[in-house]
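>
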Amino acid sequence: VVTKALKKQMIIPDWERFVGDMGEIFEDVRGFNEGELATYIPQLSRVPPDSWAMSVCTIDGQRKSWGDSLNPFCLQSVSKPFTYALVHDDIGPEALHAHVGQEPSGRLFNDISLDHNSFLEVSKSYERLLDLPSFEVPRTNPRPKKPHNPLINAGAIVVASLLKNKTPLADRFDFMIHACRKFVGSGYIGFNNSVFLSERETADRNYALSYYMREHNVFPKDLNLQDTLDLYFQICSIETNCDSLAVMAATLANGGVNPMNGERVVNNRACRDTLSLMYSCGMYDWSGQFAFHVGLPAKSGVSGDMIIVIPNVMGIALYSPRLDKLGNTVRGVKFAEQLVQKYNFHNY
Ligand code: DON
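Numbering (this note's numbering), first residue to last: 12 to 359.
1) Output the distance between the C-alpha atoms of SER291 and TYR95, rounded to the nearest integer angstrom.
2) So, using beta-carbon positions, are ALA328 and ALA264 closer together than 7 Å?
3) Look at the alpha carbon of PHE346 and the alpha carbon of PRO332, and state the distance between them as a whole number of angstroms.
4) Which residue comes first and which comes last in the alpha helix (DSSP H) that contains ALA214?
5) Roughly how many angstroms separate the alpha carbons of PRO161 and PHE43, rounded to a whole number?
6) Are at least three pairs of beta-carbons, each pair with one atom in the segment 242-253 and one in the segment 34-51, less than 8 Å apart?
7) Taking THR94 as part of the alpha helix (DSSP H), name the residues at either end of that continuous run.
8) Using the beta-carbon count (16 or more within 10 Å), is PRO149 buried or exposed?
9) With DSSP as the reference, identify every bridge partner of MET65, one or two as the case may be.
10) For the candidate residues ILE188, VAL341, ASN203 and LEU180, whose alpha-carbon lies nearest to that of GLN387?
11) For MET325 and ILE168, which I take to be in contact (beta-carbon distance under 8 Å), what is that distance rounded to the nearest angstrom?
12) Taking just the CA atoms, how far does VAL30 sit from MET187?
13) Hey, VAL98 and VAL170 are a contact pair by Cβ (cut 8 Å); roughly how many whole angstroms apart?
14) Would you mind working out which of GLY198, ARG211 and LEU107 sits nearest ASN272, comparing C-alpha positions?
15) Give the straight-line distance between the Cα atoms of LEU256 and LYS336, rounded to the nearest whole angstrom.
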């Protein structure tokens with residue numbers, strides 16, 4: 012690494028200048044102090060509202076943090092791409108996507124709709140258009156409904172139901188938290204029990220979503236619904252800080268290999284599919300706008316955290332708990348917009 016740095020062969024050759032520019036954007040974005048804290052989970056509404064942190068970690072392992080970067084927060088929905096990547100790595104894309112789609116939902120994160128029979132509806136309209144004989148639907152094998160994608164609640168609950176589901180709940184949680192430790196390397200990973208309890212207490216919508224999905228046979232066989240929901244709430248309550256979250260994001264930027272210790276956490280294909288979904292579905296109802304204006308895979312959570320992945324370059328983590336109406340961190344989104352104005356990181 013030192014030789015590469017001396018020869019200016021690092022992925023960001025002029026690190027000092029880059030760090031200076033990032034620091035300026037960080038201070039500029041601090042001024043955006045509108046937005047509300049998530050109140051539907053009481054514990055999340057009690058954090059210092061004006062915390063602001065940012066960290067970067069490149070695929071060469073160069074790192075820098077600004078602001079409250081060691082303050083802990085819960086992963087919340089930022090856990091979703093990581094759970095998806097781990098289940099993908101474990102059981103493969105076919106088995107996983109038998110239960111969950113890949114379409115942006117165009118709806119809020121806790122929406123209750125499922126993506127159903129869209130193929131049949133499209134075939135039917137083509138039949139009408141082309142005046143073809145009716146398309147026979149095999150009645151014994153109706154196409155199952157699926158949640159739109161793994162990054163909204165419905166999809167993430169289904170992904171949790173697939174996570175090491177032949178083992179006891181405690182082992183499933185252990186698997187997840189150990190995997191998070193592999194994503195961060197020597198960084199901080201903890202668990203916030205009061206957020207977990209508070210989350211479980213206020214989860215009527217997630218229960219409703221899950222019963223609805225069970226009615227429509229979305230889940231795998233032998234489902235224990237309460238275990239699945241508990242695991243989902245526990246994963247949302249896994250804690251980290253901005254400094255460590257940047258390494259998790261950098262592992263996704265680096266094809267699934269942690270850049271700090273060279274350890275592979277998930278396979279290449281799992282990493283690629285995770286980034287594709289983050290690109291199209293990572294920012295809830297703002298995903299289309301974000302893909303258009305920023306052009307990078309990202310994921311936000313209601314605690315106010317957010318990751319941005321610049322593939323083959325770096326991971327960026329942001330934390331500011333004030334959220335916009337769609338549930339994305341206000342400063343995080345502003346930062347992303349300013350980043351691509353300054354640097355040409357937009358995919359296209
Ligand atoms: O399912 C829930 O309600 C949350 N604990 C996770 C939500 C989340 O972070 C969605 N975010 N914007």
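Ideal Cβ placement from N, Cα and C applies to all residues, glycine included.
In short:
1) Cα-Cα distance, rounded: 15 Å.
2) ALA328 places its beta carbon 7 Å or farther from that of ALA264.
3) Rounded to the nearest angstrom, the two C-alpha atoms are 14 Å apart.
4) Per DSSP, ALA214 belongs to no alpha helix (DSSP H) and is neither H nor E.
5) Taking the straight line joining both Cα atoms gives about 30 Å.
6) Short answer: they don't touch.
7) According to the DSSP assignment, THR94 belongs to the alpha helix (DSSP H) that extends over 90-102.
8) The pLDDT assigned to PRO149 is 41, lower than 50, so where the model puts this residue is not dependable; a value taken from the coordinates is nonetheless given after this. Exposed.
9) DSSP lists TRP77 and LEU329 as partners of MET65.
10) Beyond the ends of the chain as shown, which are 12 and 359, falls residue 387; an answer cannot be given.
11) MET325 to ILE168, Cβ: 31 Å. No contact.
12) So the two alpha carbons sit approximately 33 Å from each other.
13) Indeed they touch by this definition, with Cβ atoms about 5 Å apart.
14) Taking the Cα of ASN272 as reference, the smallest distance to any Cα among GLY198, ARG211 and LEU107 is reached at GLY198.
15) The alpha-carbon atoms of LEU256 and LYS336 are separated by roughly 24 Å.
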